[in-house]
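Report on the following structure.
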Amino acid sequence: MRRSALAAIALISVAALSACDRKAEKEAPVVNNLVEPPVMDDPENVAPPAPAPVENKVAPIPAPDVDADQQMLDDAAAVGMTARIPPAEQVAPVDESSNQTASDD
């Protein structure tokens, strides 16, 4: 056991010394791959194009004359807030034991 421990210590020290003895490799020279941007005209001397004149000739659409009650009914129908209940004569009797409506088959 003592021999193997000494051999391991010797191998580790030889590896450490050999790593320290190496000379630093030369680094590759840095290459500048940048390209000069093209020369543009002075932005101060260049005037932006003038916007085209716009005329708004659209007249507002007048609101239709609708009764307030009719408008309320129309709004309620549009959002589904109206219920369509058939008259009492057309309602089928309900069988309370099965929660089904009776049919006249």
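Sequence positions in the sequence shown follow mature numbering (1 follows the signal peptide of the UniProt record, and there is no 0) and run -18 to -1, 1 to 87.
We put the beta carbon where it would ideally sit given N, CA and C, even for glycine.
Just so you know, these numbers come straight off a predicted model, no measurement behind them.
Reducing DSSP to helix, strand and coil, say where LEU(-2) ends up. helix
Rounded separation between MET(-18) and ALA(-4) - CA only: Roughly 21 Å between the two C-alpha positions.
Rounded to whole angstroms, what's the CA-CA distance from PRO30 to GLY62? Just pull it up for me. 54 Å
Cα separation between SER(-6) and ALA(-12)? Straight-line Cα distance between these residues: approximately 10 Å.
VAL48 versus ALA41: straight-line alpha-carbon distance, rounded: 21 Å
Assign MET22 to one of three DSSP states: helix, strand, or coil. coil
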